[in-house]
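Numbering of the sequence shown is given in full-length UniProt numbering, commencing with residue 1 and proceeding in unit increments. One structure below.
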Amino acid sequence: MEVKSRHHLRSDVVSDLETTLANQLGVELDGDAYERVEFETVDWEVILVDGEPQIAYFDDEPFLTVRGANAHEPEKRLVTVDSGAISFVSDGADVMRPGITEATGDIAEGDLVVIAEESHGKILAVGRARVDGTQMVGDEGKVVDSLHHVGDDLYEFAG
Numbered sequence: 001m002e003v004k005s006r007h008h009l010r011s012d013v014v015s016d017l018e019t020t021l022a023n024q025l026g027v028e029l030d031g032d033a034y035e036r037v038e039f040e041t042v043d044w045e046v047i048l049v050d051g052e053p054q055i056a057y058f059d060d061e062p063f064l065t066v067r068g069a070n071a072h073e074p075e076k077r078l079v080t081v082d083s084g085a086i087s088f089v090s091d092g093a094d095v096m097r098p099g100i101t102e103a104t105g106d107i108a109e110g111d112l113v114v115i116a117e118e119s120h121g122k123i124l125a126v127g128r129a130r131v132d133g134t135q136m137v138g139d140e141g142k143v144v145d146s147l148h149h150v151g152d153d154l155y156e157f158a159g
């Protein structure tokens, strides 16, 4: 991924970003430097927090990356999968109901969510909910579309 442009964010933009992520995920960002990075060949925009790619825009909505979510441990919009789903989710597969052990009740259809594995709580992916969190656990059906996962280009981007 070739960088097209890179610039520091104004303090008011940083404040809005911090407020949005606190409301969405219950996390507090505490960075000293925030830089927006745009790329030549992909539509992603990434925000580096102290040099680490911790925030990305998904459909013009800011949200933590997998790295950012692992650094800040979200309390909201959290979907937890069992050990049988880990390899699939880590490879970018959409999340199916049978693999989900738990989902927070604050998730609404269309929300961006973080997907964690149940044994250690590590974040594996970011996705978009197809149903409310209260409807995610069950026997069949795709309930989260994968947007970003461990090992993809965004995850491998090193700022």
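The beta carbon of each residue, even a glycine, is placed where N, CA and C say it ideally should be.
Under 9 Å between C-beta atoms of residue i and residue j
i             : j                 : result
alanine 108   : valine 79         : no
leucine 112   : arginine 67       : no
isoleucine 86 : methionine 136    : no
valine 49     : leucine 25        : no
aspartate 36  : histidine 72      : The sequence given here has arginine at residue 36, not aspartate. Contact flag unset, no.
proline 53    : phenylalanine 157 : yes
valine 95     : serine 146        : yes
alanine 33    : histidine 148     : no
Exposed unless 16 or more other CB atoms sit within 10 angstroms - verdict on residue i
i            : result
threonine 65 : buried
valine 27    : buried
valine 114   : buried
serine 5     : exposed
serine 119   : exposed
glycine 84   : exposed
Coil, strand or helix - residue i by DSSP
i             : result
serine 15     : helix
isoleucine 86 : helix
valine 74     : Residue 74 is actually proline in this sequence, not valine. Looking at proline 74 - three-state DSSP - the assignment turns out to be coil, as it is neither helix nor strand.
arginine 67   : helix
glycine 127   : strand
arginine 10   : coil
leucine 48    : strand
alanine 108   : coil
leucine 147   : strand
alanine 22    : helix
threonine 134 : helix
glutamate 156 : helix
Counting beta carbon pairs with one atom in the region 92-105 and one in the region 32-45, are three or more of them shorter than 8 Å?
no
Give a yes or no on contact between the region 121-129 and the region 6-24, applying the rule of three or more CB pairs nearer than 8 Å.
no
Three or more beta-carbon pairs under 8 Å between the region 82-98 and the region 33-43, yes or no?
Too few Cβ pairs lie closer than 8 Å, so no.
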